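So the structure is just underneath, and the comments pick up after that.
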Amino acid sequence: MISVDSFDQITWSDLIINYPDRASVEIPAGYLKSGFVNLLIGPSGVGKSSLVQILLGFQENYTGEVLITVSGQVFNLEQIDKTSWRDLISWMPQEPHFPIASVIQSVQMANPQLNQAEIIQQLNAVGLEISDLPHGVDTQLGTISEALSIGQKRKIALARALIKPAKLLILDEPTASVDEISQFKIDQLIKHQALCGQTVLIISHRSQAFLSADHLLSFEKQVRV
636 MISVDSFDQI
646 TWSDLIINYP
656 DRASVEIPAG
666 YLKSGFVNLL
676 IGPSGVGKSS
686 LVQILLGFQE
696 NYTGEVLITV
706 SGQVFNLEQI
716 DKTSWRDLIS
726 WMPQEPHFPI
736 ASVIQSVQMA
746 NPQLNQAEII
756 QQLNAVGLEI
766 SDLPHGVDTQ
776 LGTISEALSI
786 GQKRKIALAR
796 ALIKPAKLLI
806 LDEPTASVDE
816 ISQFKIDQLI
826 KHQALCGQTV
836 LIISHRSQAF
846 LSADHLLSFE
856 KQVRV
C-alpha cells in the first residue's frame, strides 16, 4: 500500500456498485476540480452518498477506477493506504453522530491545537446560537437524552469538519435545516476554505444550495437491474 500526505487530482471512471439484495447503482464518470467548490446534486438513490463512501474508502465493492494524482504520479485508490488517505479528508455526514462529550470537546477532537476561544469562534461562524444550547458549549452530545435539534447538530458537525486540517472537505447537505442567514454564512465559509487551498465536495439535493460553487456534477437516476 502507498502512503500519501497530499494529492493533486481526483478522477473516476464510470463506477458500478453491486448489491446482493437490490439493484446495482451506476455512478457516471467525473472529477473534482482541485482547490475549488464542487457541488454534486441529484435525487435520492442516484449514488451521491455511494460516491462519498467510495472516496472515503469505506465502499470497495465496485467496478471501475478511482484515480488519485500525487506529485504527477497516478494511483488507483485501491493502492493507497486508507489510514493515510483518510487523514487528508474532513467529512460531515448528513446525519452526524457524536461520541459522549461536550460540544467543545467534540469539536476540539478534530483539531486539538485550537483553544476553547477559537472553537467558540468557529461555532459562532457557522451560525450556532450557543445561548440556545441547554448548557452552552458544555452541553453533552452522544447521550440518549441529547436535546439538540438536527439543525444544531449539523452546525456543530460542520464546525468540526471545517477546523480539521484536511486537503479534501466533503460536506453532505451542510445547509439543510438552517435559515437563509445561516445558509449565506455557511456558503461564504465554504468558499473561504477553497480559497485557502482545500478541495471541497458538497452533496445536495438542490442546485441552488450554493451559489458560489465552481464545478457542478449532476447525477440523474441511473439504476442497473
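Position one of the sequence shown corresponds to residue 636 (this note's numbering), numbered consecutively onward. Think of the CB as a built atom: it goes at the ideal place given N, C-alpha and C, for glycine as much as any other residue. Please read all numbers here as calculations on a predicted model, not as lab measurements.
Within the region 750-819, the complete beta strand (DSSP E) segments of 3 residues or longer fall at 803-807, listed in chain order. Using a 10 angstroms sphere on the CB of aspartate 814, the tally of other CB atoms stays under 16, which defines it as exposed.
Around the beta carbon of glycine 682, 16 or more other beta carbons sit within 10 angstroms, so the residue counts as buried. If you check the CB distance, methionine 744 and isoleucine 805 do not come in under 9 Å. In this structure the region 825-837 does not touch the region 694-711; the number of beta carbon pairs closer than 8 Å is below three.
The region 687-696 and the region 639-657 touch, with three or more beta-carbon pairs separated by less than 8 Å.
Taking all protein chains shown into account, valine 660 has 16 or more neighbouring C-beta atoms within 10 Å of its C-beta and is therefore buried.
For leucine 690, the enclosing alpha helix (DSSP H) covers residues 683-690.
According to DSSP, residue pairing for histidine 850 in a beta bridge involves Asn673. Boundaries of the alpha helix (DSSP H) around glutamine 743: 738-743.
A Cβ-Cβ contact shorter than 9 Å links threonine 834 with leucine 803.
The C-beta distance from glycine 665 to leucine 852 rounds to 5 Å, short enough to fall under 8 Å. For alanine 848, the closest C-alpha among the options Glu781, Ile785, Ser839 is that of Ser839. Shown here for leucine 768: same chain residues with a beta carbon closer than 6 Å to its own, the five before and five after excluded, namely Thr774 in chain order. As a beta-bridge residue in DSSP terms, leucine 667 pairs with Ile645.
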